[in-house]
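Novice:
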Ligand code: ZN
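In my numbering, the protein residues as written are 248 to 548.
1. If residue 310 sits next to residue 290, beta carbons under 8 angstroms apart, how far is it from one beta carbon to the other, in whole angstroms?
2. Between the C-alpha atoms of residue 504 and residue 296, what's the straight-line distance to the nearest angstrom?
3. Cβ of residue 342 within 7 angstroms of any heavy atom in the ligand ZN?
4. If I follow the unbroken alpha helix (DSSP H) through residue 267, where does it start and stop?
5. Roughly how many whole angstroms lie between the Cα atoms of residue 324 and residue 492?
6. Specify the secondary structure class of residue 348 as computed by DSSP and reduced to three states.
7. Quick check on the burial criterion: 16 or more other C-beta atoms within 10 angstroms. Buried or exposed for residue 383?
8. When the Cα atoms are used, what is the spatial distance from residue 272 to residue 264?
9. Classify residue 444: buried if its beta carbon has 16 or more other beta carbons within 10 angstroms, exposed otherwise.
10. For residue 440, collect the residues of the same chain with a Cβ closer than 8 angstroms to its Cβ; drop the 5 residues on either side in sequence, then sort them by chain order.
11. Identify which residue in 427, 252, 409 and 428 has its Cα closest to the Cα of residue 420.
12. For residue 257, does the count of other Cβ atoms within 10 angstroms reach 16, so buried, or fall short, so exposed?
13. For the region 344–353 against the region 299–310, do three or more pairs of beta-carbon atoms, one drawn from each stretch, fall closer than 8 angstroms, so that the two count as touching?
14. Between 252, 338, 253 and 276, which has its C-alpha nearest residue 482's C-alpha?
15. Measure the Cβ-Cβ separation of residue 395 and residue 354 and say whether it is below 8 angstroms.
16. Find the nearest neighbour of residue 563 within the set 266, 284 and 519, judged by alpha-carbon distance.
17. Would you check whether the ligand MN has a heavy atom nearer than 7 angstroms to the C-beta of residue 492?
18. Could you have a look at residue 249 and say whether DSSP puts it in helix, strand or coil?
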């Protein structure tokens, strides 16, 4: 057991694909899941039980989840925005339920069409009413920066984080840089504070819109975070965060940790193959640096 071990969650099949216009065939989604699994990733956000009217790209989440559950040892997370999504996900046998709301009112309204209080009330009821042992991941969007309100004051973020921590002493909580415009010193400061206040239970979900994704991952790690979201090929975006582009690229994050001597349990050549596959999905907006670095390519040969 190494001293520094981290958990990486592949979010490409959900965050990476959800804002793509043309419908990505179910088989392609399953291929992405398989490629990431073969690269050694054992945690994945495979889809979202949202209204197919709101997010048509996620209409086949049930099928993708069914296929993903066949991969031994893979923990499958699905996002659920409300009670209906929760019921669907439980019936479909999801391993972990991803709840989500925003720290800022305007993003919550744009994304979920309701106030933060309304979201929090419904999500709280889901957490409290869930069968014992149900695994959650509570995602807080726009913790650092909001596309509508700009930089989020630390105190506003802490208020909502505190309310979420109070729901369950062990629930995993992800702080998301939805726009990719968090600053590394801000990321470090916020995670330092939340760890001091509520323990090591936080994950970091970053985007790379401004090229700061990897720096922010490093800052979060420095502050003690050991669970990170990333998407192979850096695909992604948010339909409700104008201008936001891809998730921080999984291969960039893995390269960072390899250089830092941190164990990720992944296979580099297979990880690049997964990245290439994701980047080639028609309509995807790929990002990340490592796919374009010849020396990193050679390391895979
Ligand atoms: Zn995201």
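In this text, a Cβ means the ideal position worked out from N, Cα and C, and glycines have one as well.
Specialist: Inspection of the coordinates gives the following:
1. Their Cβ separation, rounded to whole angstroms, is 20 angstroms, which puts residue 310 and residue 290 out of contact at 8 angstroms.
2. 32 angstroms
3. no
4. Note, residue 267: premise wrong, no alpha helix (DSSP H); not H, not E.
5. 22 angstroms
6. strand
7. buried
8. 11 angstroms
9. exposed
10. 401 and 405
11. 409
12. buried
13. no
14. 276
15. yes
16. Residue numbering for the chain in the displayed model covers 248 to 548; residue 563 lies beyond these limits and cannot be assessed.
17. Although the ligand MN was asked about, the structure shown includes only the ligand ZN as ligands.
18. Note that residue 249 scores 46 on pLDDT, short of 50, meaning its location in the model is unreliable; the coordinates nonetheless yield the value given after this. Coil at residue 249, not helix or strand.
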